[in-house]
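The structure under discussion appears below in the form of structure tokens.
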Amino acid sequence: MFGMLFGTGKSRTKLGKWLDKRGISQTWLKEKTGLNKSTIGDLASNKERSPTYQTMKKIIKALREIDPNVKSDDFWDM
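Heads up: the sequence shown is residues 1 to 78, going by the UniProt record's numbering.
Right, here's the structure in full:
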């Protein structure tokens with residue numbers, strides 16, 4: 001799925017751009033967090049969408065496996 005989205009000119013959020021830059025698939029994030037595929041996709045592409053606190057915690061926990069310094073502020077204005 002990552003290959004299909006990258007470079008297609010689709011709108012990407014800060015989260016989506018972060019994943020793309022590191023070559024991380026939404027499927028990987030889905031498996032690490034246990035979140036729904038559509039939730040991950042929406043948070044990666046819909047700039048109007050904000051995660052719930054629990055969803056944000058799961059995503060940040062997973063992303064810290066890649067970058068221990070990542071913070072929710074890197075992606076969302078909460």
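Beta carbons are placed, not taken as given, at the ideal position from N, Cα and C, and that holds for glycine.
{"query": "Starting from Lys-71, trace the alpha helix (DSSP H) in both directions and tell me its first and last residue.", "result": "It is not in any alpha helix (DSSP H) - Lys-71 carries neither H nor E in the DSSP assignment."}
{"query": "Distance check for Thr-33 and Met-78, CA to CA, integer angstroms please.", "result": "20 Å"}
{"query": "Could you give the residue range of the alpha helix (DSSP H) that holds Leu-35?", "result": "Premise fails: Leu-35 is in no alpha helix (DSSP H) and is neither H nor E."}
{"query": "Taking the alpha helix (DSSP H) that Met-78 belongs to, which residues open and close that run?", "result": "Looking at the DSSP string, Met-78 is not in any alpha helix (DSSP H), and its letter there is neither H nor E."}
{"query": "Please classify Gly-41: does DSSP put it in a helix, a strand, or coil?", "result": "helix"}
{"query": "Hey, Leu-29 and Ile-59 are a contact pair by Cβ (cut 8 Å); roughly how many whole angstroms apart?", "result": "7 Å"}
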